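Chains as they are written, first to last, in our numbering: chain A, 1 to 115; chain B, 1 to 116.
What follows is one structure encoded as structure tokens, with my remarks underneath.
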Amino acid sequence: EAGVAQSPRYKIIEKRQSVAFWCNPISGHATLYWYQQILGQGPKLLIQFQNNGVVDDSQLPKDRFSAERLKGVDSTLKIQPAKLEDSAVYLCASGTPGQNTDTQYFGPGTRLTVL
Amino acid sequence: AQSVAQPEDQVNVAEGNPLTVKCTYSVSGNPYLFWYVQYPNRGLQFLLKYITGDNLVKGSYGFEAEFNKSQTSFHLKKPSALVSDSALYFCAVRDRGAGGYIKLIFGAGTRLAVHP
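In structure tokens, the structure reads:
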């Protein structure tokens, strides 16, 4: 079974620039999550999709972050414009919660450095 | 709100010795608890979870965790550490978002260093 794919793996940008990350979840997983992991901290949920609908974006800085999940499969997370404090690893995960399992499967992450 | 705490930033242990990585939780209702491991430049990997039943949960790579309700703890353990166990370990608790959907709340992580 193929895992969660993410690209790019690394990105370096200047502040105020824009950046986009891509995620392809495990086939058949209805739920997709984007997390932000700042160095020295645990992952923090930014947004959660159920199929192609947003079910939780309470911690997404909506003035600069946006995300979409077209056709309920792949997803993109965008930051525009980026700030220094956005430097972090952005993790995508997928799963099938509610079917007697809460396990989430994580991709390798995208490490963003904002200069 | 549900939360977990990992009181140690780093744990050092000699290869072959038993290891313990600590986690305490604060929840309303029954806790659903998880352990994940993160190797360098990799995503998080699921190790084990506690939903209900036996207080000792066995997981991947020889790890196990002990659920203790009276101490509100869910410590990760392994009888004999390997150098390859060196990684970042996260404890997590299940929560529900505003829409009632399941999500995970992670602790800050504990770095495990196993020395030869």
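All residues carry an ideal CB built from backbone N, CA and C; glycine is no exception.
Since this is a predicted model, take the numbers as computed values, not measurements.
Query - Residues of its chain near A/D57, where Cβ-Cβ distance is below 8 Å and the 5 sequence neighbours each way are ignored - result: L46, I47, Q48, A67
**Report entry** Chain-ordered chain A contacts of B/N30 [CB-CB under 8 Å]
**Finding:** Chain A residues near B/N30: none, gap ~13 Å exceeds 8 Å.
Query raised in the report: What residue range is occupied by the uninterrupted beta strand (DSSP E) comprising B/K77?
Result: 73-78
**Report entry** Pair within 8 Å by beta-carbon distance, B/S84 and B/P18
**Finding:** no
Report task. From the DSSP output, read off the bridge partner residues of B/N12. Result -> B/A113
Query raised in the report: Are the segment 16-31 of chain A and the segment 87-98 of chain B touching by the rule of at least three beta carbon pairs closer than 8 Å?
Result: no
Report task. Provide the residue span of the beta strand (DSSP E) that contains B/K58, from first to last. Result -> 56-58
**Report entry** Proximal residues, the segment 44-63 of chain A versus chain B, C-beta separation under 7 Å
**Finding:** L45, Q48, Q50, V55, D56, S58
Query raised in the report: Less than 8 Å separating the beta-carbons of B/Y89 and B/T72?
Result: no
Report task. Output the distance between the C-alpha atoms of A/K149 and B/N68, rounded to the nearest integer angstrom. Result -> Missing from the structure shown is residue 149 of chain A; chain A here goes from 1 to 115 and no further.
Query raised in the report: When the Cα of A/V114 is compared with those of A/V19, A/Q104, A/G42, which residue comes out closest?
Result: A/V19
Report task. Below 7 Å between beta carbons is the criterion; list the residues of the segment 60-89 of chain A that meet it against any residue of chain B, in chain order. Result -> Considering only beta carbons, no part of the segment 60-89 of chain A lies closer than 7 Å to chain B.
Query raised in the report: So, using beta-carbon positions, are A/Y90 and A/V4 closer together than 8 Å?
Result: no
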